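*Asks:* Each step along the sequence shown adds one to the number in my numbering, with nothing skipped, and position 16 is 16. Note that the Cβ used here is the ideal one computed from N, Cα and C, for glycine as well. Since this is a predicted model, take the numbers as computed values, not measurements.
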Amino acid sequence: METNNTTTSNGVQNSHTKDNAAKIVFGDPVLCAQFLKGYTDIPLFKEIKPEDIENVSSHFLPLFQESRDSDTVNKIRIGDSEIYLIALIEHQSENDFDMSFRILRYIVFIWTDYAAQQEKLHKGITKSKAFLYPPILPIVYYEGTSTWSAPLNFKNRVFLSDVFGDYIPSFNYLVVPLNKYSKQDLIEKNDELSLIFLINQLQSSSEFHDLKDIPKEYTEHLTDNTPDYLLKIIGKVIAVLLHKLNVPDEEVYDITDQITRREFSMMFDNFQAYDVQEARRISREEGRLEGKIEGETLYLIKQIIKRIELQYSVSQIAESLIEPLELIQPIYDLAIKQAPDYDAESILDALNNSDFSAH
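1. With a CB to CB cut of under 8 Å and the five nearest residues on each side skipped, what residues in its chain are close to residue 335?
2. With burial defined as no fewer than 16 other Cβ atoms inside 10 Å of the residue's Cβ, what is the status of residue 326: buried or exposed?
3. Specify, as a first and last residue, the run of the beta strand (DSSP E) that residue 137 falls within.
4. By how many angstroms is the C-alpha of residue 122 removed from the C-alpha of residue 21?
5. May I ask you to list the residues that DSSP assigns as paired with residue 177?
6. What is the rounded straight-line gap between the Cα of residue 14 and the Cα of residue 320?
7. List the whole-angstrom C-beta distance separating residue 134 from residue 114, where the pair is believed to meet the contact cut-off of C-beta under 8 Å.
8. Three-state secondary structure (DSSP) at residue 343?
9. Quick one: Cα of residue 37 to Cα of residue 59, how far?
10. Please name the residue in 244, 240 and 234 whose C-alpha comes closest to that of residue 261.
11. Keeping to the same chain, check which residues put their C-beta closer than 8 Å to that of residue 149; ignore five residues upstream and five downstream.
12. Quick check: the Cα distance between residue 249 and residue 156, rounded to an integer number of angstroms?
13. Tell me the DSSP bridge mates of residue 75?
14. Specify the secondary structure class of residue 289 as computed by DSSP and reduced to three states.
15. In terms of residue numbering, what span does the alpha helix (DSSP H) encompassing residue 114 cover?
Spelled out as structure tokens, the structure:
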């Protein structure tokens with residue numbers, strides 16, 4: 001299974017960034033197998049292989065009648081048996097206390113579909129004594145910072161369950177909280193998923209520097225053993241997560257480029273921890289360059305140059321950077337005059353010496 005990196009300059013423009021990152025992880029059989037082996041403590045999964053996992057989300061999610069594009073359904077083969085894995089993604093800081101009921105609906109939909117498929121193969125089989133429904137493991141992958149405290153058993157959501165408990169559906173779902181794992185815990189797992197989780201735990205771009213002391217053996221293992229297609233997936237997921245931290249496109253591009261070139265050990269060294277949203281807030285307060293500090297303007301120039309090299313039109317550049325055309329046009333005109341030997345610093349100097357204003 002290969003997932004193409006569809007980002008622009010390795011950036012991702014999507015408001016549901018965390019959902020997308022988790023969906024990519026659980027939709028890939030290699031990363032899903034690493035998750036089941038390393039984070040569920042279920043002995044049956046200790047020997048699971050990527051080829052045992054089939055993503056069937058596209059079949060089931062339309063049936064769930066919910067706009068939960070981040071949730072995934074995988075069919076897992078264990079010997080001659082099948083297990084269905086429901087992975088529900090929660091990244092909010094507050095608990096979802098109706099999670100058990102949502103899972104109950106998912107379970108019923110999956111079993112109803114399974115019965116219908118078996119009836120097509122063997123009419124009347126669901127009424128036979130030998131017929132059994134496949135087990136379903138519901139997992140909540142929780143990225144919030146607070147403790148998950150919602151009831152794990154559906155029965156606890158029903159009134160008078162102490163009286164009618166025997167007649168109420170009773171099942172638990174498994175919660176895997178990302179904040180349970182320390183940096184060292186993840187490093188010891190020594191796989192691609194642990195790198196994704198390490199970055200997913202970051203709360204700000206400045207924390208990226210804390211990953212500099214990752215052991216050399218860890219990055220060497222990734223460099224030597226990660227297949228090419230998985231490098232693309234890792235780059236895409238990390239691009240999504242870095243955009244969540246307001247990291248500018250240029251730095252996201254540099255980091256994901258280092259990943260695809262197998263330079264894991266370098267990706268933490270040159271990171272500037274530059275928060276574009278924070279820079280804009282400060283620049284507005286200080287009023288310099290009418291809303292953009294000089295450092296941000298230089299980043300903007302470099303981003304425009306990269307898009308010119310990719311043969312973007314000026315309007316496409318403005319759209320991709322979500323900036324007004326009147327801001328992009330003078331920079332674009334100066335850069336075009338330098339082609340193909342672009343110099344961001346000289347363009348900045350020309351802007352500062354002109355009547356240019358940033359809006």
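*Replies:* Taking the coordinates as given:
1. Same-chain partners within the cutoff: 301, 304, 305, 308, 342 and 347.
2. By the neighbour-count rule (16 or more Cβ atoms within 10 Å), residue 326 is not buried but exposed.
3. Its beta strand (DSSP E) spans residues 136-142.
4. Annotation: residue 21 to residue 122 spans about 40 Å, alpha carbon to alpha carbon.
5. The partner list for residue 177 (beta bridge, DSSP) reads 142.
6. Confidence at residue 14 is low in this model, with a pLDDT of 38, below 50, so its placement is unreliable and the value that follows should be read with caution. Distance between the alpha carbons of residue 14 and residue 320: 12 Å.
7. The pair is a contact, with the Cβ atoms about 6 Å apart (cut-off 8 Å).
8. If DSSP states are grouped into helix, strand and coil, residue 343 belongs with coil.
9. Inter-residue distance for residue 37 and residue 59 is about 25 Å (C-alpha atoms, whole angstroms).
10. Of the candidates 244, 240 and 234, the one whose C-alpha sits nearest the C-alpha of residue 261 is 234.
11. So the qualifying residues of the chain are 95.
12. Near 46 Å, if we compare the C-alpha coordinates of residue 156 and residue 249.
13. Secondary-structure assignment with DSSP links residue 75 through a beta bridge to 54 and 84.
14. The predicted model places residue 289 with a pLDDT of 43, which falls under 50 and marks its position as unreliable, so this point remains unresolved.
15. Going by DSSP, residue 114 is part of the alpha helix (DSSP H) stretching over 99-121.
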